[in-house]
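First residue of the sequence shown: 6, per this note's numbering; consecutive thereafter.
Even for Gly, the Cβ is constructed at its ideal location relative to N, Cα and C.
Here is the structure we will look at, set down as structure tokens.
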Amino acid sequence: MLFPNATIIVFIISFLIFMMLLNEIFLKPVGEAIEARNRKIAAGLEASKGSRDEIRALTEEYEKRLAATREEAQTVISTAVTSAQTVRNKELGAMKDRARKRLDESREQLQSEKTVLIDNLVSEEAQLVSQIVGKVLNDPSKSVEVNSESVKQALEGAV
């Protein structure tokens, strides 16, 4: 009495058939989908690693180009500053020379005007001194000889 009922055999056979069908219909496609997904994930991971390496290389290249550009810009700026300072110094020197020349010309002009004025004042002052001496001595008819060089020196000393 091993097999009291034939339904057990039918259940076992139907269970095995169900398992084979389940395996063929559900488990294999799901397993294949999981494998495909794992392959896709692995491919994406490899692609991202490659992209990361490429981005690192591009970043390094960009940083090198940026450093070279900065260095070139600094060189251009230094050159521009140097040339601007040179131009500034030349212009400043030229302006100083023009100012010095104008100052010297003005001094010469003032000196010549001073000399002319002093020469004009010498005769007037000599006449005034003569009149003052006459009034001090109470004799307006008496004329006093005034040295014009002394008057000129006195006027130059006063100015």
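Is the segment 111-127 close to the segment 157-164, with three or more CB pairs under 8 Å?
Output reads yes: the segment 157-164 touches the segment 111-127.
For Leu142, three-class secondary structure by DSSP:
In the structure shown, Leu142 falls within a coil segment according to DSSP collapsed to helix, strand and coil.
How many angstroms separate the CA atom of Ala41 from the CA atom of Leu71?
One C-alpha to the other measures close to 43 Å.
Beta-carbon separation of Ser153 and Val127 under 7 Å?
Judged by beta-carbon spacing, Val127 lies within the 7 Å limit of Ser153, meaning their Cβ atoms are closer than that value.
Helix, strand or coil at Glu150 [DSSP, three-state]
Glu150 sits in coil when the DSSP states are folded into three classes, being neither helix nor strand.
The alpha helix (DSSP H) that contains Ile30, what's its start and end?
No alpha helix (DSSP H) holds Ile30; DSSP gives it neither H nor E.
Jot down the residue ranges of each uninterrupted beta strand (DSSP E) in the segment 47-79, minimum 3 residues, whole runs only, in chain order.
Correct list: empty.
C-alpha distance - Lys140 paired with Glu161, whole-angstrom precision:
Across the structure, Lys140 and Glu161 are spaced so that their CA atoms are roughly 26 Å apart.
Indicate the three-state DSSP secondary structure (helix, strand or coil) for Asn10 in the structure shown.
In this structure, Asn10 counts as coil in the three-state DSSP scheme.
Where does Ala159 fall in DSSP's three states?
The answer is helix: DSSP assigns Ala159 an H, G or I state.
By Cβ distance below 7 Å, which residues in the same chain neighbour Leu108 in space, the five residues on each side in sequence not counted?
Non-local C-beta neighbours of Leu108 in its own chain, meaning closer than 7 Å and more than five positions away in sequence, are absent.
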